[in-house]
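J.: Residue numbering for the sequence shown follows the working numbering, beginning at 48 and increasing consecutively. For each residue, glycine too, the CB sits at the ideal point set by N, CA and C.
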Amino acid sequence: MRTLKLVAVSAGLSSPSSTRLLADRLLQAARYRLAEQEYAVDVEVVELRDLAVDIAHHFVTGFPSGRLQEAIDTVTGADGVIAVTPVFTASYSGLFKSFFDLLDPTALTGTPVLIGATGGTARHSLVLDHALRPLFAYLRALTVPTAVYAASEDWGSGGGEASSTGFGGEGLPARINRAGYEFADAVAARPVREADEDEVVPFARQLADLRLD
């Protein structure tokens, strides 16, 4: 049985956070769909709040810490990525952007990506199309059609709980299910990647590997 690896990147700053909650719900919906297709699924969540200092140090030194490199490898090695950010000043958070700035521009080529965002008001939902989609288009990822924005009031009914009951209604749970199912189908349809034995390791990465933690 083929095992698919799904990774969610959450840029929530508080603990717990609605951003992490949305990421978890989207993962849950995708797992439902892949289970229906009899796939085994490994899931992992990368919490950027835990890597904030490492990310800042990387920009200053040019070298990732061991755990930051592990997070980057986790994301770039996934069969599908769920990326969720809180909205600050009508765009994605600086922490979210800083992390994806560290990825090689071709590292997510062809990778299905499901985008999501959280905020206090529905007025910021355009961040999905005006900020997040262009970012992942630049990274050459395959962003699924349905993106999910969750305003504070959206959590009042059903808590965004995903289920296997379909897309009835237009509330947050229905949007989560629709997006999760589209994402799962895109991941399942992606050709199996073969390891490139002749991959050239960038010089900066070679130097980073020589450093002592």
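Since D126 and R237 are thought to touch, with beta carbons under 8 Å apart, how far apart are those beta carbons, to the nearest angstrom?
T.: Numbered from 1 along the sequence shown, position 79 holds the residue referred to as residue 126. Numbered from 1 along the sequence shown, position 190 holds the residue referred to as residue 237. Between R237 and D126 the Cβ distance is about 6 Å, and since that is below 8 Å, they are a contact.
J.: Helix, strand or coil: how does DSSP classify S61 here?
T.: Against the sequence shown, residue 61 aligns to sequence position 14. Note: S61 maps to coil in three-state DSSP.
J.: Does A130 come out as helix, strand or coil in the three-state DSSP assignment?
T.: As a working note, residue 130 is residue 83 in the sequence shown. If DSSP states are grouped into helix, strand and coil, A130 belongs with the strands.
J.: Count Cβ pairs between the stretch 82 to 92 and the stretch 163 to 181 that sit closer than 8 Å; are there 3 or more?
T.: They do not touch, by the three-pair rule.
J.: In chain order, which continuous runs of the beta strand (DSSP E) of length 3 or greater are located wholly inside the stretch 53 to 115?
T.: Counting whole runs of 3 or more residues, the stretch 53 to 115 contains the beta strand (DSSP E) stretches 87 to 94.
J.: For V54 versus V128, is the C-beta distance shorter than 8 Å?
T.: Working through the sequence shown from its first residue, we reach residue 54 at position 7. Working through the sequence shown from its first residue, we reach residue 128 at position 81. Taking 8 Å as the Cβ cut-off, V54 and V128 qualify as a contacting pair.
J.: Tell me, which residues are paired with G163 by DSSP?
T.: Working through the sequence shown from its first residue, we reach residue 163 at position 116. BP columns for G163 point to V131, V195.
J.: Beta carbon of A235, beta carbon of Y79: below 8 Å?
T.: Residue 235 sits at position 188 when you count from the first residue of the sequence shown. Residue 79 sits at position 32 when you count from the first residue of the sequence shown. In this structure, Y79 does not lie closer than 8 Å to A235 by Cβ.
J.: Could you work out which residue in F147, S138, P220, D97 is closest to L175 when comparing CA atoms only?
T.: Position 128 of the sequence shown, counted from the first residue, corresponds to residue 175. Nearest of F147, S138, P220, D97 to L175, Cα basis: S138.
J.: Using 8 Å as the Cβ pair cut-off and three pairs as the minimum, do the stretch 57 to 73 and the stretch 105 to 122 touch?
T.: At 8 Å Cβ cutoff, the stretches do not touch.
J.: Using only the alpha-carbon positions, how far apart do I18 and T108 sit?
T.: This structure cannot settle anything about residue 18, because the visible part of the chain is limited to 48 through 260.
J.: Among P159, T156, T132, whose alpha-carbon lies nearest the alpha-carbon of A178?
T.: As a first step, residue 178 must be located in the sequence shown, where it is residue number 131. The shortest Cα separation from A178 among P159, T156, T132 belongs to T132.
J.: Where does G215 land, buried or exposed, given buried means 16+ other C-beta within 10 angstroms?
T.: On the sequence shown, residue 215 is found 168 positions in, with the first residue counted as 1. For G215, the pLDDT reaches just 45, beneath the cut-off of 50, and the residue's location in the model is therefore unreliable, although a value from the coordinates is still provided. When all chains shown are included, G215 counts as exposed.
J.: Are there 16 or more other CB atoms within 10 angstroms of the CB of A130, so buried, or fewer, so exposed?
T.: For this step, residue 130 is matched to residue 83 along the sequence shown. Answer is buried; the Cβ neighbour count reaches 16.
J.: For the ligand ATP, is there a heavy atom less than 7 Å away from the beta-carbon of E229?
T.: No copy of the ligand ATP appears in this structure; indeed no ligand is present at all.
J.: Output the boundary residues of the alpha helix (DSSP H) element that contains R225.
T.: Residue 225 sits at position 178 when you count from the first residue of the sequence shown. Here the alpha helix (DSSP H) through R225 covers 219 to 236.
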